[in-house]
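Some notes on the structure that comes next.
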Amino acid sequence: MNNEEAKAALAKLIGCEYTAATKAEITKLTGHARVVGPNEPSTMEVDDARIHVVADGNGVITGFRFG
82 MNNEEAKAAL AKLIGCEYTA ATKAEITKLT GHARVVGPNE PSTMEVDDAR IHVVADGNGV
142 ITGFRFG
């Protein structure tokens, strides 16, 4: 699944609270094992297989980044 297809699959999660279950759902929907949530550490390396979850101050998902 390329990143555009992944974004389309993940669109239904925008507006949901980011939890461990949501993280597992992201992996299930996209096949990407590297999911980095808000306030979770990650390396500076560019990795197209990694999904960064963007969330607001309340932990509600507002978008996704790749790399």
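With the numbering used here applied, the sequence shown covers 82 to 148.
Glycine included, every Cβ here is placed at the ideal spot set by N, Cα and C.
Sequence-distant residues of its chain with Cβ nearer than 7 Å to residue i (five each side left out)
i: Asp137; result: Thr143
i: Tyr99; result: Gly118, Pro119, Val134, Ala136, Gly140 and Ile142
i: Val127; result: Gly148
Where residue i falls, given that 16 or more other Cβ within 10 Å makes a residue buried
i: Gly112; result: exposed
Residue i versus residue j: straight-line alpha-carbon distance, rounded
i: Ala92; j: Gly140; result: 16 Å
i: Ala101; j: Phe147; result: 19 Å
i: Ala87; j: Thr108; result: 10 Å
i: Asn84; j: Ala114; result: 14 Å
Same chain, Cβ closer than 6 Å to residue i, neighbours up to 5 away in sequence not counted
i: Leu94; result: Ile142
Beta-carbon proximity list for residue i, same chain, < 8 Å, skipping 5 on both sides
i: Cys97; result: Thr103, Val141 and Ile142
i: Ser123; result: Val117, Arg131 and His133
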